[in-house]
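See structure below.
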Amino acid sequence: MAGKIYIGEISKNEEIQEDCFLMKVKVAASFENPLPGQFVMIRIAGLNDPFLSRPISIYSFSCGENFCLIELLYRVVGKGTQIMAGLIEGSQVEIHGPLGNGFEISDVRENIVFIAGGIGIAPLSLLVENLHRRFPSSLMTLYSGAQRASSVVGLDRPQKICHDVNVCTDDGSMGEKNLVTQVFQKDMKKFSPANTSIYACGPREMLISLAKILSKSKFSCQVSLEERMACGTGACAGCAVAIKYEQGISCYKRVCADGPVFNLADIIWEY
Amino acid sequence: MAGKIYIGEISKNEEIQEDCFLMKVKVAASFENPLPGQFVMIRIAGLNDPFLSRPISIYSFSCGENFCLIELLYRVVGKGTQIMAGLIEGSQVEIHGPLGNGFEISDVRENIVFIAGGIGIAPLSLLVENLHRRFPSSLMTLYSGAQRASSVVGLDRPQKICHDVNVCTDDGSMGEKNLVTQVFQKDMKKFSPANTSIYACGPREMLISLAKILSKSKFSCQVSLEERMACGTGACAGCAVAIKYEQGISCYKRVCADGPVFNLADIIWEY
Amino acid sequence: MKETISPRMTVNLGQLKLKNPVMTASGTFGYGEEYAGYIDLNKLGAIVVKGLSLKPRLGNPPPRIMETTGGMLNAVGLQNIGVDAFIEEKLPFLRKYAVAVIANIYGETYDEYKKVAKILSSAKGVHALEVNISCPNVKNGGVIFGSDPKIAARVTRTVKDETSLPVIVKLTPNVTDIAVIAEAVEKAGADAISLINTLTGMAIDLKTRKPHLRNITGGLSGPAIKPIALRMVWEVVQRVSVPVIGIGGIMTAQDALEFLILGAQAVQIGTANFINPHATMEIIEGIKDYLTVNKIKDVNDIIGTFRP
Amino acid sequence: MKETISPRMTVNLGQLKLKNPVMTASGTFGYGEEYAGYIDLNKLGAIVVKGLSLKPRLGNPPPRIMETTGGMLNAVGLQNIGVDAFIEEKLPFLRKYAVAVIANIYGETYDEYKKVAKILSSAKGVHALEVNISCPNVKNGGVIFGSDPKIAARVTRTVKDETSLPVIVKLTPNVTDIAVIAEAVEKAGADAISLINTLTGMAIDLKTRKPHLRNITGGLSGPAIKPIALRMVWEVVQRVSVPVIGIGGIMTAQDALEFLILGAQAVQIGTANFINPHATMEIIEGIKDYLTVNKIKDVNDIIGTFRP
Ligand SMILES: Cc1cc2nc3c(=O)[nH]c(=O)nc-3n(C[C@H](O)[C@H](O)[C@H](O)COP(=O)(O)OP(=O)(O)OC[C@H]3O[C@@H](n4cnc5c(N)ncnc54)[C@H](O)[C@@H]3O)c2cc1C
Ligand SMILES: Cc1cc2nc3c(=O)[nH]c(=O)nc-3n(C[C@H](O)[C@H](O)[C@H](O)COP(=O)(O)OP(=O)(O)OC[C@H]3O[C@@H](n4cnc5c(N)ncnc54)[C@H](O)[C@@H]3O)c2cc1C
Ligand SMILES: Cc1cc2nc3c(=O)[nH]c(=O)nc-3n(C[C@H](O)[C@H](O)[C@H](O)COP(=O)(O)O)c2cc1C
Ligand SMILES: Cc1cc2nc3c(=O)[nH]c(=O)nc-3n(C[C@H](O)[C@H](O)[C@H](O)COP(=O)(O)O)c2cc1C
Ligand code: FES
Ligand code: FES
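Written out as structure tokens, the structure is:
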């Protein structure tokens, strides 16, 4: 399950929305085909600033004979992503991956629901494309929320596939003015718990409110979590998430090696 | 005498000889016209690795209406210069300068002698060009030494100007097989101490042996020194060189602010 | 019409009032002259000058500095022109500015501290003393004054007895428990405490198998040490009631704000000056911007607002 | 025909013989499994496993880590599966490799150290114990075992009395005089000394005015601390005669060689593994290259060749 380390060359890195960048990185053709939900650790080749690599989901992936192209969709939120945003075409980055476990894909169901908050669309986009190889568009519903129209991002691909796309924003500048979890909640009765797969990714608050919404239901929901990481491989125990354990006791799992995809119901949010 | 800090954009950065790079940096047109012997402190814009700026002599300088072009000729010797060498076109660097005091230019003399060891040619090249505005080629003699043919660098401009150019290498792969100081020593009698200006730049060992050669003569010789620097402005007292003081006592001067050009005879090499 | 009032930036270090909480750190700003061409010295909270001793000091032979990851080592050896030459040659320049001047002093014996303090106390234009106790006590087998609470307290008292100027004691981080030292110097009369001085470090030249610094060891400064500085400031602010000045690896306004939030009344900017001569000005402006954006009217309202 | 003989890389830590001087640092290499897909564990000098306690430990709540300039803070809280589960679940995997396995142990009381040491001493496949004394002694007001020479010595003796395995004592750098602690644990029977553990640091989230780490403080590691680690190793090698293992910020073969030249018999690679899972292999190869280029036949011939 170990990833590999590649020296990648940036072939494109542009701001496609306010503070949101799409980076394309060329790596050797031996890069393992990633599962949706897997991620890479990225850092500037040969420099110690930023010191730690940053985890970014694989947003898109394609491979030719001579090289593979990894696409990363990321939002500038701090120092590391700021520096990433400043990298110009031709710059070299270290890419370690693919890492983590992807989303688990269960057998045909009546419905597949995707719930994305902001940049949380990144891993879901690849998942949508991937699932579409096996399931028809008609099964797929996407809920996507953002702060405002200018921060809606990454919908191009999934909205071409999903037959039902619901966009909402906090300020109503695009789609419904509402929280994405609430838009979903209104629709919930449309789906049958036993035959629906829900996949979600987004900010902590969104996942917490989704957990509340689903807590009394029988829906199963997989979420991709974020946590600060050092190693990305399970060695440092840094990226802990509290998980309900079999006998009612809890333990800390590693987002990188035990996740980043977890069952929403297993996650303990308050500790 | 304070320099200014500019964000420069690299317009060229190529290896022109083994381990030797020529970097061209575009800065705002307000960059002060540098004196030969002055230097800049350079670092990657916005990153803390390498942490300190590196001092590099101004090898060439030209200014148009919209921007100035600073040329730096540098040898890769360690981490900082290694990273500089890896910077691609379009990368941004912080350029702080011009700093330090240039060579003192005395009135017409019979001879002007330049002695360069390796990359020490960098500040001398600008000096040659500058002096040529006032003095004829016929006065100028250049001695340039390098380890081997493949490390001879930066002669293009000065050799077009100086009427007498003497190249030597440690292994004889180009020019005379000899040390540059010894080639000069053989010629020394050609020059009259009172009417000759000597300008030298090169490795410590070269300057020490030059000091010995000149110690019993009346030649005046200005040298540009190198020392590790932190501030480049005289504030940290890091770049110390021991200098003979008036009453036979010595003190430490700062290479950046009191130099980098010193009278060779004033320097104390052993402490 | 919307009015933006510039936030109040003045802070008090006991009797000493500063325009703003941003001062320069000793040994990193010369005697002010070197940076006067870059920034308006009047805008600084205070200038702490290079460490002064009774007699001029030659300093250590080179090499004196070495870069490390995210920091640098220095073994300048407290080179300085001596307290008399400072008063004669450097103070007149500084007096031209409306800025608080703090003289950083040190000695190798209690007596030297005493004499330097006395001389500076009668010099016009010195507003406070900062006592560097990170140096070896020659009479005491070379133990660092600042590494023993009793010795640190005695230096503090020695200086206090000689001066009516506010006395800031500057602590060394090379100790097991910095809060104990802080308590000792507070009890001994320190009007304020500044920390941290550099951590002792070393670098080796693989080619020559010699130390990179002629002095073998040197003081580590820069952002590499910021986490340690923050932790020590936190330990100290919880245990003393005199004002604390935070120092160590501050490069940006964000860094400075972190120290203020922890409870430091002011900060000193050291190594950052070397890399960016405008660092102090950018930090002052950055703190103001932060206050304005967060609608905080007075910098004092963020000091000590840390919520652990 | 020119023959290049590969340089001899074996080193001795007392009775413990290592293939080469490059080991992994505790807490940065899991129990070996995480990196087995990246490197050949057989090629390591030794694997030091994650710190083991008597009972399993949950560890601290997140956030547990934070990047700093040239380093990182961690407050994992010594999360581990406990000594029994280690023997049952993890040792069998490690026994498949021909590599020295060193169990890093810690406790909150002397008694815990004693019990953990005893249990591990009879486990097949453990080649040495490394005693982490950078943790608070709960019976002693929470003072760090490793910050007092007497307490450090007593822990050392406690462990020595329970085991015939070589005992390495790992020192904390958060002390005034590390050489005094080193001397004390040597006298108490330590077979080797490793240093440094992390420096205590802190980071603050400006937005929330809370600590970045849930635990408030954490341990600083990475290249930022290398100069301090080198200085401390230098202080210790001059004062003890047992083998010393250098740790702290080693990222490259050059870094490792600096510690060896100073006099460390071996080195441990910690945080570097996170950034580059191949770091240990590259360091081993880099040391070999250095020896070959410099025509040195045996790595032992460079140990302690520092010329201050
Ligand atoms: C498995 C995984 C996949 C991810 N995929 C993407 C992606 O596809 N696109 C994208 O834009 N972001 C993604 N992230 C989040 C991304 O890693 C962080 O935004 C980034 O590391 C922040 O770095 P920074 O230096 O810019 O911010 P910092 O200055 O380090 O921090 C800024 C803020 O972000 C928080 N933060 C820092 N690191 C993380 C982290 N790893 N996870 C969550 N919050 C963090 C900090 O606590 C702080 O509040 C992913 C994270 C994980 C764990
Ligand atoms: C005023 C001045 C002008 C200079 N002009 C030029 C120039 O035009 N072209 C050029 O190639 N170099 C020039 N140098 C030297 C250049 O600054 C160093 O080569 C560079 O800083 C080395 O950085 P590094 O990180 O690559 O090497 P490091 O890894 O820091 O060191 C490699 C080796 O170089 C030595 N070294 C490091 N810094 C310096 C320094 N500042 N001066 C001398 N030796 C040093 C080290 O001791 C070590 O032996 C100049 C230096 C000064 C002071
Ligand atoms: C080159 C240099 C010289 C210094 N000289 C002194 C000094 O004379 N007196 C003193 O108290 N501190 C001195 N210091 C310590 C600084 O004032 C400051 O405490 C330390 O560098 C940490 O802050 P920084 O990381 O912002 O640099 C010096 C630091 C450096 C880098
Ligand atoms: C995430 C993490 C966990 C650690 N856990 C332990 C531990 O359990 N026991 C121990 O003795 N040291 C532990 N350490 C300290 C390291 O073994 C090492 O001493 C320190 O990190 C310095 O080395 P480095 O800079 O190479 O990382 C840990 C360090 C890190 C970064
Ligand atoms: S990032 Fe190290 S265990 Fe997950
Ligand atoms: S580099 Fe700071 S005084 Fe010269």
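Protein chains in written order, with my numbering: chain A, 1 to 271; chain B, 272 to 542; chain C, 543 to 850; chain D, 851 to 1158. From the three backbone atoms N, C-alpha and C, an ideal C-beta is built for every residue, glycine too.
One alpha carbon belongs to G425(B), the other to N449(B), and they sit about 19 Å apart. When rounded, the separation of the alpha-carbon atoms in T834(C) and T610(C) is 36 Å.
Per the DSSP secondary-structure output, V898(D) pairs in a beta bridge with I952(D).
Counting along the chain, L633(C) sits inside no beta strand (DSSP E); it lies in the alpha helix (DSSP H) bounded by residues 633-637. Taking 7 Å as the threshold, the shortest C-beta distance from T1050(D) to chain C falls below it.
Within 10 angstroms of the beta-carbon of G1051(D) lie 16 or more other beta-carbons, which makes it buried. Set against 6 Å, the gap from the CB of C677(C) to the closest heavy atom of ligand 3 is not smaller.
Listed in chain order, the alpha helix (DSSP H) elements of length 4 or more contained wholly in the segment 380-419 of chain B are 392-403. When distances are taken from the beta-carbon of G909(D) to the heavy atoms of ligand 4, even the shortest one reaches 6 Å or more. For G1039(D), the three-state secondary structure derived from DSSP is coil. With respect to chain B, the C-beta atom of N48(A) has a partner C-beta closer than 7 Å. By the rule that beta-carbons nearer than 7 Å mark a contact, I213(A) does not touch chain B. Within the same chain, I281 come within 7 Å of S362(B) by CB-CB distance, once the 5 residues on both sides are set aside. Under DSSP, Y6(A) takes part in a beta bridge, and its partners are I95(A). Under the DSSP definition of a beta bridge, M859(D) lacks any partner. C63(A) is outside the set of residues whose beta carbon lies under 7 Å from a beta carbon in chain D. With a cutoff of 6 Å, L737(C) does not count as near ligand 3, since its C-beta is closer than that to no heavy atom of the ligand.
Taking the Cα positions, I278(B) is about 49 Å away from I1031(D).
Nearest CB-CB separation between P708(C) and chain B: not below the 7 Å threshold. Taking C-beta separations shorter than 7 Å and ignoring five residues to either side along the sequence, the partners of A659(C) in its chain run I647, L671, V701, E704, T705, following chain order. Annotation: Cβ neighbours of S362(B) in chain A (cutoff 7 Å, chain order): I88. DSSP places C168(A) in the strand class (E or B) of the three-state scheme. In this structure, G957(D) and S903(D) form a Cβ contact; the two beta carbons are roughly 6 Å apart against a cut-off of 8 Å.
In terms of Cβ geometry, G1098(D) and I1075(D) form a close pair [threshold 7 Å]. Against chain D, the CB of A235(A) has a partner CB under 7 Å away; the residue lies at that interface. Three or more beta-carbon pairs separated by less than 8 Å link the segment 128-146 of chain A to the segment 156-171 of chain A, which places the two stretches in contact. In the three-state DSSP reduction, D840(C) falls in the strand class (E or B). Taking the beta carbon of P1158(D) as reference, the chain C residues within 9 Å of it are K752, P753, I758, listed in sequence order. In terms of CA proximity to V152(A), G118(A) leads the group E176(A), G118(A), L126(A).
Taking a contact as a CB-CB distance under 8 Å, the pair L398(B) and P307(B) counts as one, their CB atoms being some 4 Å apart. The C-beta of Y252(A) comes closer than 7 Å to at least one C-beta of chain D. DSSP places P598(C) outside any beta strand (DSSP E), giving it a letter other than H or E. Placement of the Cβ of V77(A) at a distance of less than 6 Å from at least one heavy atom of ligand 1 is found. With respect to the 7 Å criterion, A806(C) and V782(C) are not classified as neighbours on the basis of their beta carbons.
Excluding the 5 residues flanking it on each side, L923(D) has same chain C-beta neighbours closer than 7 Å at I915, M916, G1051, A1053, L1063, G1068, G1069, L1070, in chain order.
Taking 7 Å as the cut-off, the beta carbon of I844(C) is found no closer than this to the beta carbon of I787(C).
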